[in-house]
Amino acid sequence: MAKSVTVANEILKRGWKDSKANWSSMIKKLDLNEHSDEEELGLEPSLHDTPKDIFFEAAANTIDFHPSRDIIAIGDVDGDVYVYSYSCLEGENKELWSSGHHLKSCRKISFSQDGQSLFTVSKDKSIHILNVEEGRLVTRFSKAHNSALNSLLVIDEHLFATGDDSGVLKVWDLRKGMSIMEMKQHEDYISDMILDRNKKLLLTTSGDGTMGVFNIRRRRFELLSEPQNGDLMAISLMKRGRKIACGSSEGTIYLFNWDGLGATSDRFALKAESIDCMVPITESIVCTGSTDGIIRAVNILPNRVIGSVGQHMGEPIEQLAKCHTGKFLASCGHDQKVKFWDISSLSSVIVDDYRKKKKNKQLKPLSRKAFGNGEDFFADLKEVATDLEKKNGGLSETDSD
Numbered sequence: 001m002a003k004s005v006t007v008a009n010e011i012l013k014r015g016w017k018d019s020k021a022n023w024s025s026m027i028k029k030l031d032l033n034e035h036s037d038e039e040e041l042g043l044e045p046s047l048h049d050t051p052k053d054i055f056f057e058a059a060a061n062t063i064d065f066h067p068s069r070d071i072i073a074i075g076d077v078d079g080d081v082y083v084y085s086y087s088c089l090e091g092e093n094k095e096l097w098s099s100g101h102h103l104k105s106c107r108k109i110s111f112s113q114d115g116q117s118l119f120t121v122s123k124d125k126s127i128h129i130l131n132v133e134e135g136r137l138v139t140r141f142s143k144a145h146n147s148a149l150n151s152l153l154v155i156d157e158h159l160f161a162t163g164d165d166s167g168v169l170k171v172w173d174l175r176k177g178m179s180i181m182e183m184k185q186h187e188d189y190i191s192d193m194i195l196d197r198n199k200k201l202l203l204t205t206s207g208d209g210t211m212g213v214f215n216i217r218r219r220r221f222e223l224l225s226e227p228q229n230g231d232l233m234a235i236s237l238m239k240r241g242r243k244i245a246c247g248s249s250e251g252t253i254y255l256f257n258w259d260g261l262g263a264t265s266d267r268f269a270l271k272a273e274s275i276d277c278m279v280p281i282t283e284s285i286v287c288t289g290s291t292d293g294i295i296r297a298v299n300i301l302p303n304r305v306i307g308s309v310g311q312h313m314g315e316p317i318e319q320l321a322k323c324h325t326g327k328f329l330a331s332c333g334h335d336q337k338v339k340f341w342d343i344s345s346l347s348s349v350i351v352d353d354y355r356k357k358k359k360n361k362q363l364k365p366l367s368r369k370a371f372g373n374g375e376d377f378f379a380d381l382k383e384v385a386t387d388l389e390k391k392n393g394g395l396s397e398t399d400s401d
């Protein structure tokens, strides 16, 4: 709120003579303090539809929401880990703590199921487990793999799985302080992992274009799917566990039946450069992130792109995460920002149209922020200006030029 208040106040002083095109340059010229004293203006903090963007010095690789609190964890390419509380109130996104224990890029981050621990894996081949309340390093596996770590999945309060750049999968038991299962079935990096609903089978996607199925109860390999075109980058469990959706580097979603995991049952090509990450929103809808910077909401069976949730303005998106209430989606990308999007309306979307889709149809915006934050920024200024007008009894004739 502080920056918007100060800029709006300055615009009022200047008689609204500066065009919108010049507002950005005016912001840079003004010596703004993020913690300006709003109380002097007599204004309450603004309430937005979503939390404001969080900015970082390095690009964020990975994000995860706390399972029960309004907290988000972020890992960046420098190996730093940050934990923030977030809020829709202006200025209420707060850094709780940060950690710099990793020597190289933090590639995946995940809260434990009870929210008390935070797991991180890194390009430096290490696994760290931190205390969420204090940010204290509790457990470290320094040389967890022989290759750089790339993926992570928390299974339960005792078990978690990791995958590396060479295609090695390991399952770890915290009670024993070591890995209890190690297998190499993929010929390239393991990009993503999910569990079935019974937590019996672990499914992996890989840069070699295949999906792997592993039985973690019996500690054995089950099967490898037929290779698909491009790298398989992300995986989601859909349709109450009856369907598996995998996103590829070629921009295609491959669908597998649960009772036929060896071969695809369907495929759906998006008008996207790639599908680098995806997160299920409902049993039929997933959100996908791409190198073109666009977050798409996609319905599975019937296969339809519902619209655009948001974007990082041409910057590749690394990861998506859904908050514990299901209201917000967060995204991180190469623009060094973590952004929040309101996805509450998606839960009521039902697609039952099997008619042939229209060609060259533009993406439907699913929120005011869908095509960038510019409109939101100016809306914030206008909102603040209105508050100032009320406080000052309206604009004078000079002010209203």
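Using UniProt numbering, the first residue of the sequence shown is number 1, and each one after it goes up by one.
Here a beta-carbon is modelled for each residue, glycine too, at the ideal position from N, C-alpha and C.
If you're wondering where the values come from, they're calculated on a predicted model, not measured in any experiment.
**Item:** Cβ neighbours of Asp156 in the same chain (closer than 6 Å, five flanking residues each side left out)
**Value:** On the sequence shown, position 156 is the one that residue 156 refers to. Counting only Cβ-Cβ distances below 6 Å, and skipping sequence neighbours, we find nothing.
**Message:** Under 8 Å: do the region 129-136 and the region 90-109 share three or more Cβ pairs, one atom per stretch?
**Reply:** yes
**Request:** With DSSP collapsed to three states, give me the class of Gly79.
**Result:** Sequence index remark: in the sequence shown, residue 79 carries index 79 (1-based). In the structure shown, Gly79 sits in coil (DSSP, three-state: anything other than H, G, I, E or B).
**Prompt:** From Val286, Ser249 and Leu47, pick the residue whose C-alpha is nearest to that of Leu329; which is it?
**Reply:** Counted from its first residue, the sequence shown places residue 329 at position 329. Leu329 has its Cα closest to that of Val286, out of Val286, Ser249 and Leu47.
**Item:** Where Lys200 sits in the DSSP three-state scheme
**Value:** For the purposes of this step, residue 200 is taken as the residue at position 200 of the sequence shown. Lys200: coil per DSSP, three-state reduction.
**Request:** Could you have a look at Asn174 and say whether DSSP puts it in helix, strand or coil?
**Result:** The sequence position of residue 174 within the sequence shown is 174, counting from 1. Per the sequence shown, the amino acid found at residue 174 is Leu instead of Asn. Reduced to three states, the DSSP call for Leu174 is coil.
**Item:** Own chain partners of Leu174 with C-beta closer than 6 Å, once the 5 adjacent residues on each side are dropped
**Value:** Taking the first residue of the sequence shown as position 1, residue 174 is located at position 174. So the qualifying residues of the chain are His158.
**Item:** With 16 other Cβ atoms within 10 Å as the buried cut-off, status of Lys339
**Value:** The count along the sequence shown starts at 1 and reaches residue 339 at position 339. It counts as buried.
**Asked** Who are the Cβ neighbours of Ala321 in its own chain at under 6 Å, not counting the five residues just before and after it?
**Response** Here residue 321 is taken as the residue at index 321 of the sequence shown, counted from 1. Result list for Ala321: Ile63, Asp64, Phe65 and Ala330, in chain order.
**Request:** State the DSSP-derived secondary structure class of Arg368, mapped to helix, strand or coil.
**Result:** Against the sequence shown, residue 368 aligns to sequence position 368. Coil, per DSSP.
**Beta-carbon separation (whole angstroms), Gln185 vs Phe221, contact threshold 8 Å** = Position 185 of the sequence shown, counted from the first residue, corresponds to residue 185. Position 221 of the sequence shown, counted from the first residue, corresponds to residue 221. Rounded, the Cβ-Cβ distance is 6 Å, consistent with contact.
**Message:** My output table needs one value for Lys361: the three-state DSSP class, helix, strand or coil.
**Reply:** For the purposes of this step, residue 361 is identified with residue 361 of the sequence shown, where counting begins at 1. If DSSP states are grouped into helix, strand and coil, Lys361 belongs with coil.
**Request:** Starting from Cys323, trace the beta strand (DSSP E) both ways and give me its first and last residue.
**Result:** Position 323 of the sequence shown, counted from the first residue, corresponds to residue 323. Per DSSP, Cys323 lies in no beta strand (DSSP E) segment and is marked neither H nor E.
**Asked** Relative to the C-alpha of Ser87, which residue among Asn150, Cys323, Gly289 and Glu134 is closest?
**Response** Taking the sequence shown and counting its residues from 1, one reaches residue 87 at position 87. Checked all of Asn150, Cys323, Gly289 and Glu134; the closest Cα to Ser87 is Cys323.
**Prompt:** Counting pairs of Cβ atoms below 8 Å between the region 263-271 and the region 300-308, do you hit three or more?
**Reply:** Touching, yes, given that three or more Cβ pairs across the two stretches are closer than 8 Å.
**Identity of the residues DSSP links to Ser85 by a beta bridge** = Along the sequence shown, read from residue 1 onward, the residue named residue 85 stands at position 85. In DSSP, Ser85 forms a bridge with Ile71 and Lys94.
**Message:** Taking DSSP's pairing of strands, which residues face Tyr254 in a bridge?
**Reply:** One-based indexing of the sequence shown puts residue 254 at position 254. Bridge partners of Tyr254: Cys246 and Arg267.
**Request:** Use the C-beta contact count for Met278: other C-beta atoms within 10 angstroms, 16 or more gives buried, fewer gives exposed.
**Result:** For the purposes of this step, residue 278 is taken as residue 278 along the sequence shown, with counting starting at 1. Answer is buried; the Cβ neighbour count reaches 16.
**Asked** Assuming Glu283 and Lys239 make a contact with CB atoms under 8 Å, what is their CB distance in whole Å?
**Response** Here residue 283 is taken as the residue at index 283 of the sequence shown, counted from 1. Here residue 239 is taken as the residue at index 239 of the sequence shown, counted from 1. That pair is a contact at about 6 Å.
**Message:** I'd like the list of long-range same chain contacts for Asp376, defined as Cβ closer than 7 Å, with 5 residues on each side in sequence excluded.
**Reply:** Along the sequence shown, one-based indexing puts residue 376 at 376. Confidence in Asp376 is poor, its pLDDT being 45 and thus under 50, which makes the residue's placement unreliable; the coordinate value appears in the next sentence. Same-chain partners within the cutoff: Arg368 and Lys369.
**Request:** May I ask you to report which of helix, strand or coil DSSP gives Leu159?
**Result:** If you number the sequence shown from 1, residue 159 lands on position 159. Residue state, collapsed to three classes: strand.
**Item:** Glu250 Cβ short of 8 Å to the ligand MN heavy atom set
**Value:** The ligand MN is absent from the structure shown, which contains no ligands of any kind.
**Asked** Looking at the structure shown, is Lys28 part of a helix, part of a strand, or coil, going by DSSP?
**Response** As a working mapping, residue 28 is identified with position 28 in the sequence shown. Reliability of the predicted coordinates at Lys28 is poor, the pLDDT of 44 falling under 50, and the value obtained from them is presented with this limitation in mind. Here Lys28 sits in helix by DSSP.
**Message:** Which same chain residues end up closer than 6 Å to Asp335 when comparing Cβ atoms and leaving out the 5 residues on each side of it in sequence?
**Reply:** Here residue 335 refers to the residue found at position 335 when the sequence shown is read from its first residue. Same-chain partners within the cutoff: His312 and Glu315.
**Message:** Could you compute how far the alpha carbon of Met183 sits from the alpha carbon of Asp49?
**Reply:** Residue mapping note: residue 183 aligns to position 183 of the sequence shown, counting from 1. Residue mapping note: residue 49 aligns to position 49 of the sequence shown, counting from 1. Those two C-alpha atoms are separated by around 45 Å.
**Item:** Cβ-based neighbour list, Tyr189, same chain, cut-off 6 Å, excluding 5 preceding and 5 following
**Value:** Indexing the sequence shown from 1 puts residue 189 at position 189. Excluding residues within five positions, the ones whose Cβ falls inside 6 Å are Asn150, Asp165 and Gly207.
**Request:** Give the range of the beta strand (DSSP E) segment to which Val213 is assigned.
**Result:** Within the sequence shown, the letter at position 213 stands for residue 213. Taken as a continuous stretch (DSSP letters only), the beta strand (DSSP E) holding Val213 covers Met211 to Asn215.
**Message:** Report the CB separation of Phe56 from Asp76 in whole angstroms; it is logged as a contact under 8 Å.
**Reply:** As a working note, residue 56 is residue 56 in the sequence shown. As a working note, residue 76 is residue 76 in the sequence shown. In this structure, Phe56 and Asp76 form a Cβ contact; the two beta carbons are roughly 6 Å apart against a cut-off of 8 Å.
**Item:** Check whether Phe141 and Met211 have beta carbons under 9 Å apart
**Value:** If you number the sequence shown from 1, residue 141 lands on position 141. If you number the sequence shown from 1, residue 211 lands on position 211. No; because the gap between Cβ atoms is not below 9 Å, this pair is not in contact.
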